[in-house]
Amino acid sequence: MLKKMFKKRKDDVSTEKRGDLYENLYKQDSLVEIIRAEGVGDPILITYLDNLIEEETTDERVIDLLLRGKVMDEEKLFKAVGRYLHLPYRYVEEISFSDEVLTLMKTFETEFIERNRVIILEVQGERAEVAVSTLNDVEVKDIIQSRLNNIQVDLCLISSSVFNRLYNIYQDKLSIIHEIKEVDFGRVDDKDMEIDDLTNEDNPVVKLVNNILVEAVRVRSSDIHIEPYRDRVLIKNRIDGVLIEDDTSISKTYHEAIISRIKILSKLNIADHRIPQDGRLKKVVNNREVDFRVSILPTVFGESVVIRILDKRDEVLLLEGLGTDSEEKRMILKNASLPYGMVLVTGPTGSGKTTTLYAILNEIRSSKEKIITIEDPVEYQLGGVVQIPVNEKSGLTFAKGLRSILRQDPDKIMVGEIRDRETAEIAIQAALTGHLVISTLHSNNTVEAIGRLTNIGVDSYQFASALNLVVGQRLMRKRCEKCSGEGCLECNRTGYHGRTGIYELFELDEDIKEMIIQGESPIRIKERAVEKGMKDLKENAALKVKGNITSVDEYERVIGVWEGE
Numbered sequence: 014m015l016k017k018m019f020k021k022r023k024d025d026v027s028t029e030k031r032g033d034l035y036e037n038l039y040k041q042d043s044l045v046e047i048i049r050a051e052g053v054g055d056p057i058l059i060t061y062l063d064n065l066i067e068e069e070t071t072d073e074r075v076i077d078l079l080l081r082g083k084v085m086d087e088e089k090l091f092k093a094v095g096r097y098l099h100l101p102y103r104y105v106e107e108i109s110f111s112d113e114v115l116t117l118m119k120t121f122e123t124e125f126i127e128r129n130r131v132i133i134l135e136v137q138g139e140r141a142e143v144a145v146s147t148l149n150d151v152e153v154k155d156i157i158q159s160r161l162n163n164i165q166v167d168l169c170l171i172s173s174s175v176f177n178r179l180y181n182i183y184q185d186k187l188s189i190i191h192e193i194k195e196v197d198f199g200r201v202d203d204k205d206m207e208i209d210d211l212t213n214e215d216n217p218v219v220k221l222v223n224n225i226l227v228e229a230v231r232v233r234s235s236d237i238h239i240e241p242y243r244d245r246v247l248i249k250n251r252i253d254g255v256l257i258e259d260d261t262s263i264s265k266t267y268h269e270a271i272i273s274r275i276k277i278l279s280k281l282n283i284a285d286h287r288i289p290q291d292g293r294l295k296k297v298v299n300n301r302e303v304d305f306r307v308s309i310l311p312t313v314f315g316e317s318v319v320i321r322i323l324d325k326r327d328e329v330l331l332l333e334g335l336g337t338d339s340e341e342k343r344m345i346l347k348n349a350s351l352p353y354g355m356v357l358v359t360g361p362t363g364s365g366k367t368t369t370l371y372a373i374l375n376e377i378r379s380s381k382e383k384i385i386t387i388e389d390p391v392e393y394q395l396g397g398v399v400q401i402p403v404n405e406k407s408g409l410t411f412a413k414g415l416r417s418i419l420r421q422d423p424d425k426i427m428v429g430e431i432r433d434r435e436t437a438e439i440a441i442q443a444a445l446t447g448h449l450v451i452s453t454l455h456s457n458n459t460v461e462a463i464g465r466l467t468n469i470g471v472d473s474y475q476f477a478s479a480l481n482l483v484v485g486q487r488l489m490r491k492r493c494e495k496c497s498g499e500g501c502l503e504c505n506r507t508g509y510h511g512r513t514g515i516y517e518l519f520e521l522d523e524d525i526k527e528m529i530i531q532g533e534s535p536i537r538i539k540e541r542a543v544e545k546g547m548k549d550l551k552e553n554a555a556l557k558v559k560g561n562i563t564s565v566d567e568y569e570r571v572i573g574v575w576e577g578e
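This is the structure:
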């Protein structure tokens, strides 16, 4: 019997006093019937459950027994139990705990939270959504309601793994707040702080900086902004291309100590506060090494820091996953698979150009070809590809590295970025002499790449002869799949989660190449390309809006004024 599997503890109350929440549970003869009723059981599972029921058990949850046996998917199990108990099941990937939530969570002792596996997800007005992942304490809802006084509790069910993840996030958030309080309450004196203090892992400032870096990686930030003002320091994270201010504010008194710690990690001059400085640091986060690129700039209120996060996740980048449709993917791979020539990816800073290069390499790499890259820095490591990091301090520039690569018998070459005439001319020469070259270039659209190459002094005949394809791109935030853009915990109430690429493919046939050589205007060249079937960024972005992948607001943020219906 199921009652037998929930043995009475000393602090249990009588069955009659148990809340309505669990009434249905105790009407069933066994957990087998719960599983059968939801249609997620199988013969092996049923046999396993029957065996469990015959055994004497402690008050440990039936759910834990099932999961330890690895005979049932965790999410299916919790969904079934949630429906049976008339509790909504929630799957929460990420969460940013608000000040209101943190305040209410303080009403629960740590022992209560961990024993009953309770976490407050959200507070809106006089209502709080509270998640539980336990069935051992039948009074849990009543206890929560009594602790939260006049706030209406809406209970939901989450799985064990989701609770563990959210609870870790909650503890990390508390840790950051704790370190800020330690700093702000004067346990650290910025004026008297020595270098030894800032290398001591127990120092509150050291812990605070570590937590800022770890939290940024967790929330998928691409850049951390540490901005000094007259009386405070703000922390912001760029998530999916948009800056989001953290709700933790740090006293200005300890700004210099924080900057000094970052400088120590980045091997920069901590004594010089008057000039811009650039550096790098590495940190292991979630068992993987993450690179951080640091830029420090003096301002009227002190030094401002921006830290670019280069997270080398173990993921396979493919064009389809970036947002290309089947025709765009076909055209890109067709040109990138040619034995020689050049493919350029263009767009402003932060538009995903380098990621597209990696996706192309992932699609075309083969053990039968030698592929060499020169990058600044190497952001993803690719098996079977020789990757070279630029090191300008040692004299290894893009141009110098590219010259050396040509002596290594490559079939295909990736140049992280064409920044100057020398690099451009070497890359073009390689493309004209039997190598396939892919690279990036800063320009607003594909046709403007022609003007950009001309402006840095490259002969139009040379680059027109070498170029096969120019890929223009932007990144637009995607509507959150969990809430369809309404705003939820998953997307931090923004309505967006993740980004998709918007592409413009400018394929150069003989007609277009001749127009470039003859010096036709970019406007006329684009008109001809459109006549030949090219879809520009605006058209492709509009298709993403109409397909409900993104929104009109996001279109206007990235592309410009919406001209659709």
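Residues in the sequence shown are numbered from 14 upward in steps of one, following this note's numbering. All C-beta atoms in this analysis are idealised placements derived from N, C-alpha and C, irrespective of residue type, glycine included. As the structure is a prediction and not an experimental result, all values here were calculated from the model.
Alpha-carbon to alpha-carbon, residue j and residue i
i: residue 246; j: residue 180; result: 27 angstroms
i: residue 219; j: residue 485; result: 42 angstroms
i: residue 332; j: residue 364; result: 15 angstroms
i: residue 167; j: residue 344; result: 51 angstroms
i: residue 523; j: residue 303; result: 45 angstroms
i: residue 407; j: residue 436; result: 17 angstroms
i: residue 86; j: residue 80; result: 8 angstroms
i: residue 515; j: residue 155; result: 51 angstroms
i: residue 521; j: residue 481; result: 5 angstroms
i: residue 347; j: residue 340; result: 10 angstroms
i: residue 403; j: residue 508; result: 39 angstroms
i: residue 577; j: residue 557; result: 12 angstroms
i: residue 301; j: residue 160; result: 40 angstroms
i: residue 271; j: residue 297; result: 20 angstroms
For residue i, the nearest candidate out of the options (CA to CA)
i: residue 518; options: 459, 571, 467 and 298; result: 459
i: residue 237; options: 339, 307 and 387; result: 307
i: residue 483; options: 453, 474 and 511; result: 453
i: residue 88; options: 290, 296, 175 and 457; result: 175
i: residue 532; options: 466, 566, 455 and 511; result: 466
i: residue 513; options: 505, 547, 492 and 525; result: 492
i: residue 312; options: 297, 286, 335 and 298; result: 286
i: residue 140; options: 117, 123, 124 and 275; result: 117
i: residue 393; options: 382, 368 and 385; result: 368
i: residue 142; options: 403, 125 and 169; result: 169
Beta-carbon contacts of residue i that lie in its chain and below 8 angstroms, excluding the five residues immediately before and after
i: residue 187; result: 115
i: residue 439; result: 412, 415, 416 and 419
i: residue 229; result: 237, 250, 320 and 322
i: residue 451; result: 349, 355, 356, 357, 358, 370, 373, 374, 425, 426, 427 and 428
i: residue 112; result: 260
Local conformation of residue i per DSSP, three classes
i: residue 611; result: In this structure the chain extends from 14 to 578, so residue 611 is not present and cannot be described.
i: residue 268; result: helix
i: residue 522; result: coil
i: residue 248; result: strand
i: residue 489; result: strand
i: residue 344; result: helix
i: residue 187; result: helix
i: residue 469; result: coil
i: residue 568; result: helix
i: residue 548; result: coil
i: residue 177; result: helix
Same chain, Cβ closer than 7 angstroms to residue i, five either side skipped, listed in chain order
i: residue 551; result: 572
i: residue 27; result: For residue 27, the predicted model reports a pLDDT of 37, less than 50, meaning its position is unreliable and no value from the coordinates is stated.
i: residue 205; result: In this prediction, residue 205 has a pLDDT of 48, which is less than 50 and means its spatial position is unreliable; what the coordinates show is noted afterwards. Contacts found: none.
i: residue 259; result: 248, 249 and 250
i: residue 461; result: 535
i: residue 502; result: 105, 108, 134 and 135
i: residue 329; result: 375
i: residue 324; result: 230 and 303
Any C-beta of chain C under 8 angstroms from that of residue i
i: residue 96; result: Of the chains in the structure shown, none is chain C; there is only one protein chain.
Same chain, Cβ closer than 6 angstroms to residue i, neighbours up to 5 away in sequence not counted
i: residue 278; result: 294
i: residue 290; result: 281 and 309
i: residue 560; result: none
i: residue 268; result: 241, 246 and 315
i: residue 399; result: 385
i: residue 477; result: 526, 529 and 530
i: residue 575; result: 565, 568 and 569
Anticipated Cβ contact below 8 angstroms, residue i with residue j, distance rounded
i: residue 500; j: residue 564; result: Contact doesn't hold; Cβ gap of about 12 angstroms is too wide.
i: residue 529; j: residue 538; result: 7 angstroms
i: residue 190; j: residue 261; result: 7 angstroms
i: residue 535; j: residue 464; result: 6 angstroms
i: residue 131; j: residue 121; result: 7 angstroms
i: residue 443; j: residue 431; result: Not confirmed; about 12 angstroms, so no contact.
i: residue 254; j: residue 490; result: 6 angstroms
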